[in-house]
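> The structure that follows is given in the form of structure tokens.
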Amino acid sequence: MTTGVVTGGWNFVIAAYSITVAVLAIYGVTLITRLREERLRASENGESR
Amino acid sequence: MPRRYPYTIATALFAIGIYFGLVVTVADQYLHADVSLGLPVAARTLISVFSGLIAAVIWLTADDLKSSQRANALILAGVVLMLIGTWFGLFVAPPEQFMGNVQRIMYVHVPTAWNGLLALTVAFACAIFYLFKGDWKWDARMEASIEVGVLLAFLLCCQGAIWAKPTWGVWWDWDPRLTTTAVLLFAFLGILALRKFVDDPVKRAIWSSVATIIAYVDVPIVYFSVRWWNSLHQLQSNPNTVSKPFWIPLRANAFGILFVMVGFIMLRARIAALRLETEMAPPPILSNEIGEQLGEAV
Chain G
0 MTTGVVTGGW NFVIAAYSIT VAVLAIYGVT LITRLREERL RASENGESR
Chain P
0 MPRRYPYTIA TALFAIGIYF GLVVTVADQY LHADVSLGLP VAARTLISVF SGLIAAVIWL
60 TADDLKSSQR ANALILAGVV LMLIGTWFGL FVAPPEQFMG NVQRIMYVHV PTAWNGLLAL
120 TVAFACAIFY LFKGDWKWDA RMEASIEVGV LLAFLLCCQG AIWAKPTWGV WWDWDPRLTT
180 TAVLLFAFLG ILALRKFVDD PVKRAIWSSV ATIIAYVDVP IVYFSVRWWN SLHQLQSNPN
240 TVSKPFWIPL RANAFGILFV MVGFIMLRAR IAALRLETEM APPPILSNEI GEQLGEAV
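From first to last, the protein sequence lines stand for chains G and P.
Numbered as in numbering that gives the first Met the number 0, the first sequence ends at 48 without a single skipped number.
Numbered as in numbering that gives the first Met the number 0, the second sequence ends at 297 without a single skipped number.
Shown next as structure tokens:
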């Protein structure tokens with residue numbers, strides 16, 4: 000750090016990319032799950048009416 | 000106008016954006032071919048940015064909140080672009096002169112910031128449209144845009160903290176850009192909490208629309224904070240301040256996250272629309288009674 004140049008740092012890069020992939024993937028899965036649940040609830044409500 | 004026409008126009012605009020933003024750069028750097036049609040860098044960048052923005056807006060507004068196929072296709076295209084951007088960002092682009100490999104975080108951090116602010120801008124537009132038109136589709140789209148915007152703002156803070164540690168020596172600093180971004184995240188998180196606790200759909204839609212318009216004031220403050228105040232965070236970059244080898248991963252990820260963001264908003268808006276449909280439907284017993292009465296009357 001004394002030279003003003005950051006050396007190494009691959010662990011930080013991997014952490015940033017991993018968090019990005021994990022957050023987007025988990026959110027995508029929750030969207031699919033919630034969409035299925037809402038569709039099921041909507042069809043159940045439609046039948047009971 | 001047939002329903003598919005807006006999508007055709009939006010897809011053509013996305014293709015124009017990717018052509019001038021990405022294809023021209025790839026051809027220039029790896030094939031040494033000039034396919035820029037004689038346009039200067041600034042013009043190509045502007046065409047690319049505005050084509051992408053207009054296409055995203057058309058894609059979101061033309062959506063009928065029923066079928067998920069288009070959203071899934073867009074997410075898939077976004078994932079492919081992000082894979083290309085990540086491969087270039089991690090294995091092809093050279094390390095930066097001073098920040099070394101840590102600078103590779105920029106290829107996900109900057110596109111996340113752009114698209115996060117864009118998602119919240121979409122939420123702001125939806126809030127205004129809802130208040131003027133009163134159409135529930137805008138309320139569903141607003142809820143979806145806020146949630147995706149909050150997700151990207153959270154991701155932005157995480158990526159920024161990871162970048163800050165090796166470059167600034169700290170995970171977090173109460174500098175103007177970081178502070179205003181944190182305020183933005185919690186303000187929109189508060190709007191999502193408000194929506195969760197209000198049962199009446201009409202009150203929920205109006206209150207959250209007004210709150211979204213108020214909270215959106217922070218978006219331009221976040222963007223200009225690095226210019227208005229003495230900030231530790233670097234200024235906005237442009238093609239003149241970013242070396243050419245860094246363009247491909249940055250732009251591929253920018254379009255990739257844009258596609259994923261639009262796809263996520265479309266899917267999330269469907270969830271909100273289905274929930275609204277269930278909430279606003281008459282109770283089953285009442286609807287059965289009405290049905291019986293109607294049957295008797297007939």
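Don't be surprised by glycine CBs; every beta carbon is placed ideally from N, CA and C.
Taking 8 Å as the CB-CB limit, is residue 28/G close to chain P?
Mapped onto the first sequence, residue 28/G falls at position 29. Cβ-Cβ to chain P under 8 Å: no for residue 28/G.
> Give me the DSSP bridge partner(s) of residue 43/G.
Here residue 43/G is taken as the residue at index 44 of the first sequence, counted from 1. None; residue 43/G has no bridge partner.
> Assess contact between the segment 66–85 of chain P and the segment 222–239 of chain P, defined as three or more Cβ pairs (one per stretch) separated by less than 8 Å. Is contact present?
no
> Counting only Cβ pairs nearer than 7 Å, list the residues of chain G close to residue 165/P.
Here the question's residue 165/P lines up with position 166 in the second sequence. Near residue 165/P (Cβ distances below 7 Å), the residues of chain G are 5, 8 and 11.
> Verify the CB distance criterion: does residue 220/P have a CB-CB separation below 8 Å to chain G?
Position 221 of the second sequence, counting from 1, holds the residue named residue 220/P. Not one chain G Cβ lies under 8 Å of residue 220/P.
> Let me see if you follow: with CB-CB separation under 8 Å, is residue 97/P close to chain G or not?
Position 98 of the second sequence, counted from the first residue, corresponds to residue 97/P. Residue contact check for residue 97/P against chain G: a CB pair falls below 8 Å.
> Mind the definition here: the segment 13–20 of chain P touches the segment 6–24 of chain G only if three or more C-beta pairs lie below 8 Å; say whether that holds.
no
> I'd like to know if residue 280/P contacts chain G, where contact means its C-beta is closer than 8 Å to some C-beta of that chain.
Taking the first residue of the second sequence as 1, we reach residue 280/P at position 281. It does; some Cβ of chain G falls within 8 Å.
> By DSSP, does residue 99/P sit in helix, in strand, or in coil?
Here residue 99/P refers to the residue found at position 100 of the second sequence. Strand.
> Does DSSP classify residue 35/P as helix, strand or coil?
For the purposes of this step, residue 35/P is identified with residue 36 of the second sequence, where counting begins at 1. Annotated three-state conformation of residue 35/P is coil, per DSSP.
> In whole angstroms, give me the CA-to-CA distance for residue 276/P and residue 41/G.
Taking the second sequence and counting its residues from 1, the one referred to as residue 276/P is at position 277. Taking the first sequence and counting its residues from 1, the one referred to as residue 41/G is at position 42. Distance between the alpha carbons of residue 276/P and residue 41/G: 8 Å.
> How is residue 8/P classed by DSSP in three states: helix, strand or coil?
Here residue 8/P corresponds to residue number 9 of the second sequence, with the count starting at 1. Three-state DSSP puts residue 8/P in a helix.
> Among 262/P, 280/P, 259/P and 248/P, which one has its Cα closest to the Cα of residue 93/P?
Taking the first residue of the second sequence as position 1, residue 93/P is located at position 94. Selected option, being the one with the closest Cα: 248/P.
> Among residues of its own chain, excluding the 5 on either side of residue 126/P, which ones have a beta-carbon nearer than 6 Å to its beta-carbon?
Numbered from 1 along the second sequence, position 127 holds the residue referred to as residue 126/P. Excluding positions up to five away in sequence, the list reads 141, 208, 211 and 212.
> Is the beta carbon of residue 138/P sitting closer than 8 Å to the one on residue 204/P?
By one-based count along the second sequence, residue 138/P stands at place 139. By one-based count along the second sequence, residue 204/P stands at place 205. Contact flag set, yes.
> Who are the neighbours of residue 277/P on chain G, taking C-beta pairs under 8 Å?
Walking along the second sequence from the start, residue 277/P turns up at place 278. Those within 8 Å of residue 277/P in chain G are 37, 40, 41 and 44.
> Would residue 104/P pass as a contact of residue 158/P if the rule is Cβ separation under 8 Å?
One-based indexing of the second sequence puts residue 104/P at position 105. One-based indexing of the second sequence puts residue 158/P at position 159. Cβ distance < 8 Å, so residue 104/P and residue 158/P count as in contact.
> What separation, rounded to the nearest whole angstrom, lies between the Cα atoms of residue 3/G and residue 180/P?
Here residue 3/G is taken as the residue at index 4 of the first sequence, counted from 1. Here residue 180/P is taken as the residue at index 181 of the second sequence, counted from 1. If you take the alpha carbons of residue 3/G and residue 180/P, they lie about 27 Å apart.
> Going by C-alpha distance, which of 272/P, 75/P and 119/P is nearest residue 255/P?
In the second sequence, residue 255/P corresponds to position 256, counting from 1. Nearest option by C-alpha distance: 75/P.
> Is it right to say residue 47/P is buried, meaning 16 or more other beta carbons lie within 10 angstroms of its own, or is it exposed?
Locating residue 47/P in the second sequence gives position 48, counting from the first residue. When all chains shown are included, residue 47/P counts as buried.
> Using a Cβ-Cβ distance under 8 Å, would residue 263/P count as near chain G?
The count along the second sequence starts at 1 and reaches residue 263/P at position 264. Yes, residue 263/P lies at the interface with chain G (some Cβ there is under 8 Å from its Cβ).
> Quick check on residue 236/P - is its C-beta less than 8 Å from some C-beta in chain G?
The residue labelled residue 236/P in the question sits at position 237 within the second sequence. So, not an interface residue.
> Start and end of the alpha helix (DSSP H) containing residue 153/P?
In the second sequence, the residue the question calls residue 153/P occupies position 154. Note, residue 153/P: alpha helix (DSSP H), 135–167.
> With DSSP as the reference, label residue 182/P as helix, strand or coil.
Locating residue 182/P in the second sequence gives position 183, where the first residue counts as 1. Residue 182/P falls in the helix class under three-state DSSP.
> Could you tell me whether any Cβ in chain A is nearer than 8 Å to the Cβ of residue 270/P?
Absent from the structure: chain A. Protein chains present are G and P.
> How is residue 28/P classed by DSSP in three states: helix, strand or coil?
Translated into positions along the second sequence, residue 28/P becomes position 29. Helix, per DSSP.
> Which of the three DSSP states is assigned to residue 63/P in this structure?
Taking the second sequence and counting its residues from 1, the one referred to as residue 63/P is at position 64. Note: residue 63/P maps to coil in three-state DSSP.
> Taking residue 233/P as the query, report the chain G residues whose CB atoms sit under 8 Å from its CB, ordered along the chain.
For the purposes of this step, residue 233/P is taken as residue 234 along the second sequence, with counting starting at 1. Within 8 Å Cβ-Cβ: nothing; residue 233/P doesn't reach chain G, min ~14 Å.
> Quick check for students: name the residue ranges of the beta strand (DSSP E) that lie wholly in the segment 65–127 of chain P, counting only runs of 3 or more.
none
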